[in-house]
Amino acid sequence: MKYFLLFILVVLSGYVMRAQHYACVAPGQKVYFTNAAGYLRGMRIDSTKIIDGNTVHYPFRRARLSYGSGPLQADTTGGSWLGKEIIETPGGFTYIPNTWGDTIRIKNDALLNESWIFFRDSTAVYYEATVTAWDTMTVNGVTDSVKTIRLTAWSGTSVLSTDPLHHLELLLGREQGWLQAADLYLFPYHAPGKVFNSFFDCYFKQVNGGGVLNPALLVFRRINFVPAYRHKIYDFNTGDVFRDNRYVAFDVNQYSFKNTRFEITAKQVTGSGIAYTRAYTSSGTVYPGNAPPYPTAGSGLDTLNIGEDALLSDTVKMPEEWFNGKYCYYWPGDSTFCYRSAAYGFETDVIFANGQLEGGAVEPVLPKSYYKNGLGEISMESGGITGIHIPVTRSKLEAAGKAGQVPCDNNNALGIAGAVAAQAITFRLFPNPAATQFYLELPEALPADNFIFEVYDICGRRMITQKISGSRTLITTGNLPDGIYGFRLWGPSGSGSGKVVIRR
1 MKYFLLFILV
11 VLSGYVMRAQ
21 HYACVAPGQK
31 VYFTNAAGYL
41 RGMRIDSTKI
51 IDGNTVHYPF
61 RRARLSYGSG
71 PLQADTTGGS
81 WLGKEIIETP
91 GGFTYIPNTW
101 GDTIRIKNDA
111 LLNESWIFFR
121 DSTAVYYEAT
131 VTAWDTMTVN
141 GVTDSVKTIR
151 LTAWSGTSVL
161 STDPLHHLEL
171 LLGREQGWLQ
181 AADLYLFPYH
191 APGKVFNSFF
201 DCYFKQVNGG
211 GVLNPALLVF
221 RRINFVPAYR
231 HKIYDFNTGD
241 VFRDNRYVAF
251 DVNQYSFKNT
261 RFEITAKQVT
271 GSGIAYTRAY
281 TSSGTVYPGN
291 APPYPTAGSG
301 LDTLNIGEDA
311 LLSDTVKMPE
321 EWFNGKYCYY
331 WPGDSTFCYR
341 SAAYGFETDV
351 IFANGQLEGG
361 AVEPVLPKSY
371 YKNGLGEISM
381 ESGGITGIHI
391 PVTRSKLEAA
401 GKAGQVPCDN
411 NNALGIAGAV
421 AAQAITFRLF
431 PNPAATQFYL
441 ELPEALPADN
451 FIFEVYDICG
461 RRMITQKISG
471 SRTLITTGNL
481 PDGIYGFRLW
491 GPSGSGSGKV
501 VIRR
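Quick look at the structure:
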């Protein structure tokens with residue numbers, strides 16, 4: 001009788017394990033992932049439908065790039081990085097079509113050591129998936145039953161151990177879905193019969209770090225991440241003062257400088273967000289080019305409405321839904337490096353202009369000179385929909401304007417159509433044995449002109465400004481605390497930006 005009961009328990013436990021359905025996604029799910037390089041990606045399930053007995057999840061879709069496309073030229077295929085659509089079937093499989101019309105298969109109720117064909121296209125190479133571990137673990141504060149799914153690459157009947165996707169591991173949780181995933185929309189990262197090409201998708205090129213498939217950066221772990229909603233970031237209070245210095249280009253020798261002072265005079269919490277009343281006073285100088293400069297001034301009141309669901313990026317989109325470009329940096333989990341105060345002030349030196357200028361002053365539709373962020377994001381500089389701006393000094397701008405030159409940033413001419421654009425600089429940072437220093441190395445062929453190197457903390461505050469005149473320069477970090485910092489290098493012949501981690 002004892003052995004009979006034991007047999008029943010074993011059979012029932014096996015039945016319960018097999019009956020557990022591990023879904024990859026859930027209706028309405030909105031989650032974030034990051035890879036080893038700190039690149040942040042998001043996934044949002046827009047809608048879920050039942051079609052012919054199958055449950056079909058539709059992630060948010062945006063235009064993606066095709067082979068040979070430039071970084072701003074999108075095609076209309078659309079798709080999410082975790083699947084163009086995600087189809088759950090009553091048979092226990094989830095099907096995920098990739099961009100080339102082939103299909104990835106996830107067996108939702110697979111048992112330990114069970115294998116199945118994960119992906120096969122028209123070539124001899126295919127991928128088999130095996131559940132190599134089945135554990136209970138706490139992920140992002142949630143205790144979950146997690147399966148480790150390991151891929152094996154095959155060529156015909158032989159294991160292809162040299163394939164970069166061989167032994168790639170995915171994690172699937174019963175409660176949370178994907179806990180570790182890869183870009184399944186682009187899998188296996190080349191068209192059938194072709195070789196890997198990082199240039200067919202701008203997101204993947206940035207994620208993967210260049211023109212070589214990097215398995216270490218392919219996997220993305222799910223994280224706890226709260227988007228930076230503006231009503232949480234712009235914690236303005238009555239009496240807060242802000243200043244903004246702007247340069248606006250009219251033509252080669254026609255431009256203006258304007259300094260504006262904003263003071264918060266009222267704050268009203270509404271059902272849809274927060275409304276701030278700002279009193280502003282401005283003064284500046286207009287340089288008409290064919291006449292002497294003349295002063296300009298103004299004052300008045302305006303209203304700043306911060307919507308409850310408005311992201312810091314001036315959209316309601318997730319970071320993956322708008323270009324993770326060179327102007328925005330996402331560092332999840334680093335909010336401890338940001339300080340918030342009830343009252344604060346700052347100053348910015350910013351150039352605003354529009355590359356599509358056809359006479360007359362034009363400013364960006366969404367001018368943003370970003371300040372600080374306490375929820376794990378930082379945007380130290382950003383361009384509006386029709387404009388771009390970079391931190392510069394007033395004297396540099398004035399000298400450039402009077403000389404008939406146009407400041408440029410990473411191949412984007414600022415203000416004047418047809419201006420000669422600067423180059424994007426490739427440079428290296430590497431540590432000095434001294435714990436408080438590191439070296440900046442520029443290409444030797446770079447013209448011997450003055451560059452400015454700036455370091456910002458996670459709140460967007462400028463901590464270091466240093467002139468660079470040689471190909472190898474020692475940067476002293478001084479008393480900067482350990483943490484993640486953004487840096488920017490810019491000069492007359494080009495610019496670049498990135499992040500640096502100071503850890504002693």
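So that you can map any letter, position 183 of the sequence shown is 183 in the UniProt record's numbering, and since no number is skipped, the others follow by simple counting.
No residue lacks a Cβ here, since even glycine has one placed at the ideal position from N, Cα and C.
Everything numeric in this text was worked out from a predicted model, so none of it was measured.
Tell me whether residue i sits in a helix, a strand or coil according to DSSP, three-state version.
i           : result
Ala182      : coil
Ala129      : strand
Ala153      : strand
Leu218      : helix
Asp109      : coil
Cys408      : Summary for Cys408: the model assigns pLDDT 33, below 50, so the residue's position carries little reliability, and this model does not support an answer.
Leu213      : coil
Ser283      : strand
Ala297      : strand
His57       : strand
Phe187      : coil
Gln466      : strand
Ser313      : Annotation note: pLDDT 31 at Ser313 (below 50); position unreliable, no value reported.
Thr162      : coil
Pro481      : coil
Arg174      : coil
Leu35       : Reading off the sequence shown, one finds Asn at residue 35, where the question assumed Leu. In the structure shown, Asn35 sits in coil (DSSP, three-state: anything other than H, G, I, E or B).
Glu88       : strand
Leu489      : strand
Ser80       : coil
Leu168      : coil
residue 506 : Given that the chain is displayed from residue 1 to residue 504, the structure contains no residue 506 and the question cannot be resolved.
Pro192      : coil
Thr277      : strand
Pro292      : coil
Asn237      : coil
Gly42       : strand
Glu114      : coil
Ser256      : strand
Ser145      : strand
Lys140      : Position check: residue 140 holds Asn in this sequence, whereas Lys was assumed. Note: Asn140 maps to coil in three-state DSSP.
Gln20       : coil
Val455      : strand
His231      : Confidence at His231 is low in this model, with a pLDDT of 45, below 50, so its placement is unreliable and the value that follows should be read with caution. Helix, per DSSP.
Pro27       : coil
Trp134      : strand
Thr473      : strand
Asp121      : coil
Asn305      : strand
Rank the options by C-alpha distance to the C-alpha of residue i and give the top, closest one.
i      : options                           : result
Arg150 : Leu184, Glu128 and Tyr58          : Glu128
Pro90  : Thr265, Asn305 and Lys107         : Lys107
Val31  : Lys49, Trp81 and Gln20            : Trp81
Glu263 : Leu301, Ala110, Gly156 and Phe220 : Leu301
Trp154 : Pro288, Ala133 and Phe119         : Phe119
Leu213 : His21, Leu165 and Thr238          : Leu165
Leu218 : Thr238, Asp240 and Leu168         : Leu168
Leu480 : Ile86, Val455, Gly239 and Ile51   : Val455
Pro292 : Gly156, Leu474 and Ser256         : Ser256
Arg488 : Thr476, Gln466, Leu474 and Gly478 : Gln466
His57  : Val139, Thr94 and Thr152          : Thr94
Arg462 : Tyr189, Thr477, Ile87 and Thr138  : Thr477
Val286 : Leu172, Ile475 and Pro295         : Pro295
Trp116 : Gly92, Thr99 and Ser122           : Gly92
Ala191 : Thr270, Gly101, Arg222 and Arg221 : Gly101
Val25  : Thr132, Thr55 and Pro188          : Thr55
Report, in whole angstroms, the separation of the C-beta atoms of residue i and residue j, which I expect to be a contact under 8 Å.
i           : j      : result
Asp163      : Val195 : Going by Cβ atoms, the distance from Asp163 to Val195 rounds to 12 Å, so no, they are not a contact pair.
Leu186      : Ile96  : Rounded, the Cβ-Cβ distance is 11 Å, inconsistent with contact.
residue 506 : Asn259 : Residue 506 is absent from the model: the chain starts at 1 and stops at 504.
Trp490      : Ile452 : 6 Å
His21       : Asp109 : 6 Å
Asn305      : Gly273 : 6 Å
Thr130      : Thr103 : About 19 Å; that fails the 8 Å criterion.
Thr270      : Arg278 : With 8 Å as the limit, Thr270 and Arg278 do not qualify as a contact, their Cβ atoms being about 16 Å apart.
* Are there three or more Cβ pairs, one per stretch, closer than 8 Å when the segment 140-159 is compared with the segment 168-181? -> yes
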